[in-house]
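One structure is given below, encoded as structure tokens.
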Amino acid sequence: MEKIVRDVKGQDCPIPLITLKDALKDAEPGQVIDISFTCPEALNTLPDYCDEHELEILSLDRQADRSWKITIRNH
1 MEKIVRDVKG QDCPIPLITL KDALKDAEPG QVIDISFTCP EALNTLPDYC DEHELEILSL
61 DRQADRSWKI TIRNH
């Protein structure tokens, strides 16, 4: 099972959250999703959504290009 990778750097909120929701539609149980983003609001909206929907956040890291990447495991 391959990781789902989405890059929404440079796009404003709510695009990162919409992208996560779309990726989850295609994800199998246990599949990992990476989303790279620059919208600072997504630092709250993505983890909040994951908590509300019992998705496992594997990491949330700042990248060298000053973007962030969240890695999530689908339930």
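Take the sequence shown: its letters are residues 1 to 75, numbered as in the UniProt record's numbering.
Glycine included, every Cβ here is placed at the ideal spot set by N, Cα and C.
Check: Closest residue to P40 among N74, V8, H75 (Cα-Cα distance); Outcome: V8
Check: Assigned exposure category for I35 - 16 Cβ within 10 Å defines buried; Outcome: buried
Check: Contact set for D26: own chain, Cβ-Cβ below 8 Å, skip 5 residues either direction; Outcome: I4
Check: Residue nearest to I57 in terms of C-alpha spacing, selected from I18, D12, Q31, R66; Outcome: Q31
Check: Separation of A42 from L55, as counted between CA atoms; Outcome: 16 Å
Check: Own chain partners of E28 with C-beta closer than 8 Å, once the 5 adjacent residues on each side are dropped; Outcome: M1, N74
Check: Any C-beta of chain D under 9 Å from that of E54; Outcome: In the displayed structure, chain D is absent; only one protein chain is listed.
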